[in-house]
Every structure is written in structure tokens, then in C-alpha cells.
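First the structure, in the form of C-alpha cells, and then the observations on it.
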Amino acid sequence: MSMKILLLGECSREHAIAEAIARSTHKVTLYALMQHMNPGIRKCCKDTGGEVVLGNFLDPEKVVQVVKDKGIDLVVIGPEEPLFRGVVDAVEEKLGVPCIGPRRGPAQIEQSKAFMRYIMWKYKIPGRLRFRTFRDVAEALEYIKETGESVAIKPARQVGGKGVKIVADVQAYLRDVRTRVKEVHVTRLYEEMAKYTDIEDKILIEEKVEGVEYTLQCFTDGEHVLPLPLVQDYKHAFEFSIGPETGGMGSIMDKTYTLPFITPEEYEKSVEIVRQLVHAVKKELGIEYKGIIAGQMMLTTLWGPTIIECYARFGDPEGVNVLSVLETDIVDIFEAILSKSLPKIKLSFRPCAVVVKAVAPVGYPLNKKLAQGHVLDIDVKKIEEKGCRIYYGSVHEEDGVIRTVGSRAVEIAGFGDSIPEAAEKVNSVLRYVTARDWRVFYRLDIGQEETLKKMIEQANIIRSVYKSRNVEELKIYEWIPGKGLRVIEY
Amino acid sequence: MVGTFSVYAFDEVWRVAKILYYGLLSLNHRGQSGCGMTLLSDTLTTMTSPSGDVEHAFDLDKLVDTPGWAGLGWILSAGGDFVRRLVIDSREVYVFSYIPITGPIEGKLRDGIREMLRDLDRGVELLNNVSRELKQPLTFVAITSNGEMLVYRDPSGLKPLHVGGYGFDLAIVSSESCAIECVGGDPRSDVPPGSGLLIDKYVLERSHVRDDKNRKYCALEYIYYSRLDSVVDDVPIFEFRRELSRILAQRVKLEGDVVIGIPETGIVYAIEYAKARGLEYCIGFVQTGRRVRSALVQDLLERLIGVQLKMSPIRSVFKTRDVILVDDSLLKGITLKNVVQYVRNRVGARRVRVLVAAPPIRYECPFAMDIPSREELLCANVSMDLLPKVLDVDEVVFGSLEDLYEAFSRFGVEKDKVCTYCMTGILPEW
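Quick mapping for you: the protein sequence lines, in order, are chains A and B. Just so we're aligned, residue 2 is where the first sequence starts under this note's numbering, counting upward by one. Just so we're aligned, residue 3 is where the second sequence starts under this note's numbering, counting upward by one.
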């Protein structure tokens, strides 16, 4: 009997998941529910004898209906938003069909940045950062005016990875310029957040930390955590890591489990943080977290490995790095998650470095209207000739014509003996993705020797500082003349 | 010498005028004969000042409220038209260039910018050819009324240009990395020679074209001009000067009781030279009033005032001792002569020996680096034998070209990549 799997989602990450499922040695029929016709996912479905259903995968009712109609045995959730809408709860409770992805409660770990920070403090998980949440705009504005320090201003609820503003405010002589920007941003975020009624806190203001970022993605069955190799993604839209925040313009992964700038010890510490988070969720909510969990980590001078954000799914593009070279049968992993027997899984990957780069239409990320509806010409043959693989993202195919939807249109993965080698392979084929009467952009610098060298240098500096601290009793002493000593205990 | 500091905010909520002010302030060492900024909001607005002193050129209190989410800033020293308003394809364009924009250059610049706006790679290619043809480092930054910022660095790379970022909000282009750090940004990369950038609201495009055949490093930029906390083309300025001092200490064994640096640029050389020689280093002078880079002041009287205010000697350091004075370079010799007279005749130093880190400078710079004319350069007009007498010192020793090349080589820069025209009169190949 063939196993029928339904995949929710429509971007490059889901294309990579679909490909991994289609590779399975189990007899699998793959279905996918999406709003835009992703040609890559459609092909994977077709190859297994399944098909694509076009429809709103964020709507639990719709998902339940498709699961019933197609006689689905397992649902795999790609992006985070269906998790927040309770899709897993609906499918599992109403139909008893298992899902790969946490229920709505545990998914709060991503949905609510405040929840994540709260349980980190409550359960004393290493890598805690000082934060405050605000429900009221006036209060937030006052706080900003009073403190004037380097902060990360984030929407308290995940809004598609957007809305984070990092304002370094060390230079007193530029405080007024920055205070103004912080104020305007807080006001804008409140307006944005008014759309969401599923969360009370609106804004989270967190101490800004600096350092080298990386992502640790893991499978988890609620008890065990099975960590994957580290991936580093690049959030800035443009070359030199300049420009607005995107979902990620590219990501790098090495041949080993760590990265050239992260030590095995730091890798272990990062895994430990994620493991403790998974256990804390269960203690706090009484519901187990199952599926994929990812820590957006940063090596900071305060803690060393520190968690900045948490994902309840694979990163995009980070998911593509690991899935494109995953040799272990992903359906075996899914079964182990459901039967809580993850430790019996031996992970194996094609032994190579993987660099993934996104190609986006100009307009992304600040003006997606401008970025949508453009016809793409993609020379898949040329891309594959170089040993690269293409993963379709935010596109819609109709009558053989592929149009942009507004976000990152495709991701291309390149493989090599080293990160720079893989990067050069991708760089050599990026020009085979073009838009008619429009421009696309991508980043050449990701994974290049120069970029890596700077990361290694930066990590070495951070390492020498955090190693000099005793994180067991992490305390920061603030001396304000006239007001006395304030001890901040972590 | 001139400098630029420019900012582009991808989020229009920013008002960048005050950021430009502090950027320019930290580049004030690059020029003191005028500065200005062009700010972009709905239109381009330009503020210029004949004052080279950034602190007095702008009304700081007003800048925080001055509209403009992008801006081009500049700082000038000697005369010459380094900034020009052009109209290109119905846009207003303000351009700052490292070389004076004379008649023929203006036309080429206009063509290059027009082409960059249409097709970045072709524009950069055109400009690379123009730079080679003119044998001039036509490096520039421009801002347009359409919301574009253009950055071009010529194939020689003689003029420094760095890009950086601030959070997810700002792109910053600066002559030196120190200014990017001053405003809280992160220096990211030198603009590769023979390449260009086009920044607009939705994209930062980097030219695929990159042409650094015959790439050159300006020796004076490293010896003297750039600020100690800058890193120029991957060479940390402070470390370069320390390295050069150590090399000098191995070869030049001057005798004396104490080593004293001529403020400000001579101090690093003095400290490292003394340390490497096992001699005592001492502060010799105290500054009165605000800092003036005396070598950049044109008027002789102004210059003397600058020198004298900068250097009030501490008597006990000099009195009846043999001193070694160290400076970075010797141009007109006014500063040094003045200091020597002071420490000899008024403060009573017994013997005065001088070490100059740079080799003798004898030629005017053909690339708009502020070097006095040949008639004014001491070493171009006075023989080495006569020099101690003219300066009224016991001995003067210069760093040699070999010392200089050795210092560069320790940072991976080969000898033939160093432009030493002002010392040798040999033009670099284009």
C-alpha cells in the first residue's frame, strides 16, 4: 500500500522537502496544497503519481477537506503560518491523521517572540537576552525615549520575518537621529500588528547583541533532538551585507556539521539550547513539540552561542542546504518523529559543501507589488550542467509561463569540496535566471573566500571575549552616577 | 586632498544630515578648505561652506531636523572644482570627484554617469577606459534627484573608497573606514578598483566589471593622510606605520637621549622607533586650541600660527638633552624648522637629530594629492648635504624607498604596486 503524503507550502523550501520525499524508497504518493503553482513541487508530485491542489493552505478547514478527499496518511507543513492558524490541531484532532509540524501551542515558540524569551528566562536556558514587551504604543515610545540604547525592535508576533529594526545606538551624538527612527518604527509596527488579533503583546524590544549568526535546524519528536549540520544565512538584500532585511538571500553549509567559524564545542552548546527549549515547551504547555525546530543563533560576546529567534520549521533558504544533500530517507525520519524513536535514525549527507542563493525580482522586499507579475526566463539545462539544482520559490506557472509572485523567485544550490567552490558554481549560473522587461538581483559575495575570512575573524574576536566571562553566573553591572549600581542578573 | 562621506537610507524615515556631519567631521584630516553636503528628499538641496572646519560649517542643532534620507557629503582642501552639478537624462546630479572636474573631464564624467545609469557594466567600462586615457584616478560618488547614488572607483585604486552598512537601513560610502565607524556603522569592503555601484531605492547593484590591472597604492595615503583608525584596502594604517618604524629602527641608528614625535602624525613613528631601538620616548609638545592639520593650510602665516599653537614644548623634556625628532614626511619644512628653532633656541635642546619616515618628497602629485608645488618643496630645492644646515639640526635621515617597499610587502603589497611619484618622479603605468 502506498503512503499518501500531503505537503503544505509553495516556496523553495517546500520544493526541497518535496524532492526529498520523492526520493524516498518507501512507496509514497505526494500531494501538495498551495496557492501558486510551483512547477518544481508539481513535478515531484507527478513523479510519485500524486498531484497539486490549488487552495488556501492556511485555512484549517480547507486542509482537513483535502486530507479527507485524497485519503492522506501524513501531512508535512512547510511554512510557519499554517502552524499558527492551528492546521495541525485540526487535522490531528478531527481526522487522527498525523502531521510533521508542531501544534499551535508549541508553535508559539516562533509565533510569539515574547513567549520564547519568557520560557528561556523561566527555565534558565542559556543564551537569554533582556527584553520587554509592550501592548501599548505610548508606553513603548516612552521606554525608547528614556533608555536610548542599542535595541532590536521586533513585532511580538511573527509577521513573515519582517518588521525587525536593529538600531545600534552607542554614539550619544547621534541619539536624536536614532530616537526619531525608533519612534516612527514602533508606531508603524503598531499599525501593522493591529491586523493580528491572535496575540496580546504587540512589540518586543530586546537588547541588541552583535556577532556572527548561524542557524541550527533539528528534527525533534518532543523528547529527542536530532541536530542537522549548521547553516548560515544572509539576511541583507544586497552585496556586502547592506540593505533591507529579507527572508534570506543565500546560505552556506560546510562538509562537516559545523561551519569554518563555529567550533564543535559551540555546536554542542547550540544543540543543548534547542534541546532545553523543546523540553521547556513541554513543561510549560503540557504538549509535546514535534517536527522541525530551528534556532537562529548568534555567537555573542555575552554568552557565546545565543538564540536570537526560533523557527518552528526549516529555514528558507537554510532548509534547501540540508535537504538537497540529505541521503537518509526523509520518510523514515518522519516515521521516527511520530513514533518517538528519533535516536535510531542515523543521518547521512552527500559529503560536500552546499551554497544556496536566491534570485529575487527588483522591488523585493520593500515593494512586492513592483516585484510581482514579471515573466521569468530560466535556463534550467545550463544550471544543471554545472551540477547545480534549482528550487522554485515565489512563482506561479500557467500555460508554461513562469511569473514572479513578489518574493524570492528561485533558489539555486551549488555543491563543492569547499564553501567557496560551491559558491563559485552557483555564481556562474545565476545569470541564467532573467526577467523579461524587468531586473532580478542576487548576491555574489555569499560564500566567497573574502566573506568567509571576515566571518572567521569576527568569530575569533567574539570568542576571545565570551570565553573570558563566567556564563554560569552572568551578571552585568551598570553604574549610573547619582543613581547607584544596578546589577543585571542573567 | 579631499574626502567624501555619503549615506543612502533604504527606509525614508531617516534624516541623514547629522550622520553626514559626523562622518565628515571624522574625515576632517583629509581637507580643511571647504565642505558641503547635498541632501535628497523630494529634491536635491545643497549646503556648502567655505570653512574647512566641519564643526563651524554647519548649524548642528538644525541638522537633526533637516530633511533628506540620502546625502552626498564632501570635504575639500586645495582649490579646484571637486563638486559639480550636472543635468543628465533630465535628472539633476551632484557629483564629488577626487580630481578637479575641469572642462574635458566634466564631459567624460557626464558620459560615464549617463551610461552607468543606463547600463552599469557598460558605464564602468567606459569610465575605466577614460581613466586610463586621461591617466587620472577619476574616482567619484554622485547623487541624483531620481534617488540614485552612483559610486565609481578607477582601476588604479589610488584614491580610497569604502562601503559599509548600518543595520538593515543604511548604505554608507566613505573615503575611509574610520568615518563609517564614527557613525556606528560597519565597514564592509573597499570598493574594488575599476568597479562601480548603483544604489537606488530597490537595489544595490555591483558591476560585474572589475579591472585592477596596474592597481596602485598611494604611498602618502599610508604614510600620512589616512587616519590611524582606518583600514585602507585591507592595510590597517596604524599597523603599517608601526611596521615602517620598526624597519627604520633596524637601519637608522640615530643617537640621542630621547625620541620625540612631531604632532600629530609623527607620534606613532616616534613611539615605535624608540621602542625598537630601546630608547626613551617622550611626549614633547602640548597643543593649544583645536587641532589643525598644519600641512594642509595654504597661507604661510596661518600655517605658522597653526604650527605654533599645536606645539608648545615641554621644557624639561628638551633642556640640555640630545633629542631625536621624528616626523612622517618633510614637505616645505616650515613646521620642522619652526619646531627646531623653538627647541634649540628657547628650550635649550643640546643636539637635534631628525628622522623622517617618508623618503624625500620632490615632486608635485599629478593626481590631486595635496603636495606643494616643486618650488616650495624643500628636498626639491636643497641638497641633502645642505639640508641639516637649512633646518639648523645636527643630522637628518630619511626613510628609504626600500624601507617603504619593505613595509608594504609585509602587508602583501608588492613593490611595483606602490605609487611613489612624489618621491621618484616616476609615473605609474596605467
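Ideal Cβ placement from N, Cα and C applies to all residues, glycine included.
Legend entry - Contact set between the segment 159–175 of chain B and chain A, restricted to residues whose Cβ is under 9 Å from the partner: Flagged, chain order: 165, 166, 167, 168, 169, 170, 171, 172, 173 and 174.
Inset, instruction - Say whether chain B places a C-beta atom closer than 8 Å to the C-beta of residue 174 of chain A. - result: It does: the Cβ of residue 174 of chain A has a partner Cβ on chain B nearer than 8 Å.
Inset, instruction - Kindly indicate which residue of B:64, B:50, B:105 and B:91 has the alpha-carbon position closest to the one of residue 78 of chain B. - result: Nearest C-alpha to residue 78 of chain B: B:50.
Inset, instruction - Please list, in chain order, all residues of the same chain as residue 43 of chain A whose beta carbon is under 6 Å from its beta carbon, the five residues on each side excluded. - result: Listed in chain order, the non-local C-beta contacts of residue 43 of chain A below 6 Å within the same chain comprise 53, local neighbours out to five positions each way being set aside.
Inset, instruction - Between the Cα of residue 196 of chain B and those of B:328, B:187 and B:156, spot the shortest distance and give me the residue it belongs to. - result: Of the listed residues, the one whose Cα sits closest to residue 196 of chain B is B:156.
Legend entry - chain B within 8 Å of residue 169 of chain A, Cβ atoms only: Yes, residue 169 of chain A counts as interfacial toward chain B.
Legend entry - Listed by chain order, chain B residues near residue 367 of chain A by CB distance under 9 Å: Neighbours of residue 367 of chain A in chain B, taken as residues at a C-beta separation under 9 Å, are given in chain order as 12, 13, 203 and 204.
Inset, instruction - Starting from the C-beta of residue 238 of chain A, find all residues in its chain whose C-beta is less than 7 Å away, skip the five residues before and the five after it, and write them out in chain order. - result: In the same chain as residue 238 of chain A, and ignoring 5 residues on each side of it, the C-beta atoms closer than 7 Å to its own belong to 244, 245, 247, 250 and 366, in chain order.
Legend entry - Contact under 8 Å by Cβ, residue 133 of chain B with residue 122 of chain B: By the CB criterion at 8 Å, residue 133 of chain B and residue 122 of chain B fall outside the cutoff.
Inset, instruction - Tell me whether residue 218 of chain B sits in a helix, a strand or coil according to DSSP, three-state version. - result: The answer is coil: DSSP assigns residue 218 of chain B none of H, G, I, E or B.
Legend entry - residue 381 of chain A: contacting residues in chain B (beta-carbon distance under 8 Å): By Cβ distance, chain B contributes nothing, its closest Cβ being about 22 Å from residue 381 of chain A, past 8 Å.
Inset, instruction - Compute the Euclidean distance between the alpha carbons of residue 265 of chain B and residue 240 of chain B, then round it to the nearest angstrom. - result: C-alpha separation (whole angstroms): 15 Å.
Inset, instruction - Scan the segment 357–431 of chain A and note each continuous alpha helix (DSSP H) run of 4 residues or more that stays entirely inside, going in chain order. - result: Here the runs fully enclosed are 369–372, 381–386 and 420–430.
Inset, instruction - Taking only the alpha-carbon atoms, compute the straight-line gap between residue 385 of chain B and residue 270 of chain B and give it to the nearest angstrom. - result: Going from the Cα of residue 385 of chain B to the Cα of residue 270 of chain B covers about 28 Å.
Legend entry - Closer than 8 Å to chain A by CB, residue 8 of chain B: Not closer than 8 Å to any Cβ of chain A, the Cβ of residue 8 of chain B fails to qualify, so no.
Legend entry - Interface flag, residue 181 of chain A vs chain B, CB-CB below 8 Å: Residue contact with chain B for residue 181 of chain A: present (Cβ-Cβ distance below 8 Å to some residue of chain B).
Inset, instruction - Could you check if residue 8 of chain A is buried or exposed, using at least 16 other CB atoms within 10 Å of its CB as the buried criterion? - result: By the neighbour-count rule (16 or more Cβ atoms within 10 Å), residue 8 of chain A is buried.
Legend entry - C-beta neighbour in chain B for residue 11 of chain A, strict 8 Å: No, its Cβ sits nowhere closer than 8 Å to a Cβ of chain B.
Legend entry - Residue from A:263, A:296, A:266 and A:259 with nearest C-alpha to residue 276 of chain A: It is A:296.
Legend entry - residue 208 of chain B in three-state terms, based on DSSP: Under the three-state reduction of DSSP, residue 208 of chain B is assigned to strand.
Inset, instruction - Give the secondary structure of residue 16 of chain B by DSSP, where H, G and I count as helix, E and B as strand, and everything else as coil. - result: Per DSSP, reduced to three states, the secondary structure at residue 16 of chain B is coil, with no helix or strand assignment.
Legend entry - 6 Å CB neighbourhood of residue 398 of chain A in its chain, flanking five on each side removed: Here the set comprises 38 and 40.
Inset, instruction - Take every Cβ of the segment 244–260 of chain B, pair it with every Cβ of the segment 199–211 of chain B, and state whether three or more of those distances are shorter than 8 Å. - result: No contact exists between the segment 244–260 of chain B and the segment 199–211 of chain B.
Inset, instruction - Helix, strand or coil for residue 287 of chain B, going by three-state DSSP, please let me know. - result: If DSSP states are grouped into helix, strand and coil, residue 287 of chain B belongs with the strands.
Inset, instruction - Could you check which residue in A:400, A:436, A:340 and A:425 has the C-alpha nearest to that of residue 378 of chain A? - result: That would be A:436, whose Cα lies nearest to the Cα of residue 378 of chain A.
Legend entry - Closest by C-alpha distance to residue 320 of chain A, when choosing among A:222, A:216 and A:410: Taking the Cα of residue 320 of chain A as reference, the smallest distance to any Cα among A:222, A:216 and A:410 is reached at A:216.
Inset, instruction - Give, in chain order, every residue of the segment 12–34 of chain B whose Cβ lies closer than 7 Å to some Cβ of chain A. - result: For chain A, the residues of the segment 12–34 of chain B that bring a beta carbon within less than 7 Å of one of its beta carbons are 12, 15, 16, 17, 20, 21 and 24, in chain order.
Inset, instruction - Select from the segment 205–239 of chain B all residues with a C-beta closer than 9 Å to any C-beta belonging to chain A, and list them in chain order. - result: Listed in chain order, the positions of the segment 205–239 of chain B with a beta carbon within less than 9 Å of a beta carbon of chain A are 205, 206, 207, 208 and 210.
Inset, instruction - Please check if any C-beta of chain A sits within less than 8 Å of the C-beta of residue 247 of chain B. - result: With 8 Å as the cut-off, residue 247 of chain B does not count as an interface residue toward chain A.
Inset, instruction - Could you tell me which of B:344, B:222, B:233 and B:326 sits nearest to residue 425 of chain B, measuring between CA atoms? - result: Minimum Cα distance to residue 425 of chain B is reached at B:222.
Legend entry - Best match in B:403, B:411, B:414 and B:408 for proximity to residue 428 of chain B [C-alpha to C-alpha]: Closest by alpha carbon: B:403.
Inset, instruction - Grab the span of the alpha helix (DSSP H) containing residue 16 of chain A for me, first residue to last. - result: 13–23 is the extent of the alpha helix (DSSP H) around residue 16 of chain A.
Inset, instruction - Give a yes or no on whether 8 Å exceeds the smallest Cβ distance from residue 245 of chain A to chain B. - result: Yes, its Cβ sits closer than 8 Å to a Cβ of chain B.
Inset, instruction - List in chain order: all unbroken alpha helix (DSSP H) runs of 4+ residues lying wholly within the segment 235–313 of chain A. - result: Within the segment 235–313 of chain A, the complete alpha helix (DSSP H) runs of at least 4 residues are 265–286.
Legend entry - Neighbouring residues, chain B, relative to residue 237 of chain A (Cβ below 9 Å): Those within 9 Å of residue 237 of chain A in chain B are 167 and 170.
Inset, instruction - Determine the contact status of residue 185 of chain B and residue 459 of chain A, defining contact as a CB-CB distance below 8 Å. - result: Cβ distance not < 8 Å, so residue 185 of chain B and residue 459 of chain A don't count as in contact.
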